[in-house]
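> Mind looking over this structure? Questions follow.
Numbering (this note's numbering), first residue to last: 4 to 218.
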């Protein structure tokens with residue numbers, strides 16, 4: 004199991020330490036991470052006053068989307084940011100939503116964890132560049148394709164650990180006794196080429212903390 008939602012709150016397992024049943028695995032997200040996205044956006048683009056949050060509006064992703072939105076709302080006021088939801092579903096809906104948002108100044112975007120964000124990543128990155136909207140993304144792949152900043156779990160590390168769980172289960176261990184593990188390593192990736200194209204100066208402190216800087 005690799006989930007971006009709360010596996011306990013959504014009833015998949017009894018607890019992280021003792022999942023119960025036949026389910027175990029690794030979670031890919033903690034809701035507190037969403038507050039960090041807001042912090043990073045304001046740090047790289049201090050003039051941001053309006054933040055568009057791209058999230059899936061329904062389906063299986065809605066529980067994760069609500070949790071992330073709630074955390075972003077909780078920190079937005081302290082950063083003086085006005086929030087706007089932008090539906091992350093069909094390509095034409097994303098394009099019209101981002102374009103309408105970009106008509107007013109001082110905007111930036113946060114893309115939350117979802118399958119749709121990965122499906123439409125090229126479109127989102129293109130729209131952000133077209134409208135010069137500073138954007139924070141949840142996965143490293145966005146930065147490697149031209150996204151400004153990504154901050155999220157080291158997925159490759161989780162996959163390696165998951166292989167160990169598969170081996171243990173195949174040798175007879177009960178999944179109910181294997182703790183569900185949250186990410187232990189998060190990666191900050193900054194695309195400096197994109198920052199320069201947007202006319203942004205990335206603070207030295209942020210660059211020093213980055214796991215990777217793309218130039």
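The beta carbon of each residue, even a glycine, is placed where N, CA and C say it ideally should be.
Just to confirm before moving on: does the CB-CB distance between residue 152 and residue 194 stay below 9 Å?
yes
> Inspect the beta-carbon positions of residue 109 and residue 52 and report whether they are closer than 9 Å.
yes
> Is the number of C-beta pairs between the stretch 102–121 and the stretch 67–83 that are closer than 8 Å three or more?
The stretch 102–121 makes contact with the stretch 67–83, as at least three CB pairs between them are under 8 Å.
> Count Cβ pairs between the stretch 132–139 and the stretch 78–85 that sit closer than 8 Å; are there 3 or more?
no
> Please list, in chain order, all residues of the same chain as residue 79 whose beta carbon is under 8 Å from its beta carbon, the five residues on each side excluded.
41, 54, 85, 86
> Under 9 Å between the Cβ atoms of residue 154 and residue 43?
yes
> Measure the CB-CB distance between residue 211 and residue 192 and report whether it falls below 9 Å.
no
> Does the Cβ of residue 5 have 16 or more other Cβ atoms within 10 Å, making it buried, or fewer, making it exposed?
Bear in mind that the predicted position of residue 5 carries a pLDDT of just 41, short of 50, making it unreliable; the figure below should be weighed with that in mind. Label assigned to residue 5: exposed.
> Restricting to runs no shorter than 4 residues, where is the alpha helix (DSSP H) found entirely within the stretch 34–91?
Counting whole runs of 4 or more residues, the stretch 34–91 contains the alpha helix (DSSP H) stretches 35–47, 65–79.
> In whole angstroms, what separates the C-alpha of residue 209 from that of residue 173?
43 Å
> Measure how close the beta-carbons of residue 123 and residue 94 come, nearest whole angstrom, since I'm counting them as under 8 Å.
6 Å
> Report yes if the C-beta distance between residue 92 and residue 49 is below 9 Å; otherwise report no.
no
> Restricting to Cα atoms, I'd like to know which of 200, 120, 100 is closest to residue 142.
120
> Are there 16 or more other CB atoms within 10 angstroms of the CB of residue 45, so buried, or fewer, so exposed?
buried
> Confirm, please, whether the CB-CB distance from residue 197 to residue 150 is below 9 Å.
yes
> Could you give the DSSP three-state label for residue 151: helix, strand or coil?
Correct three-state label for residue 151: coil.
> For the alpha helix (DSSP H) containing residue 130, list its first residue and its last residue.
124–133
> What separation, rounded to the nearest whole angstrom, lies between the Cα atoms of residue 218 and residue 201?
The alpha-carbon separation between residue 218 and residue 201 amounts to approximately 14 Å.
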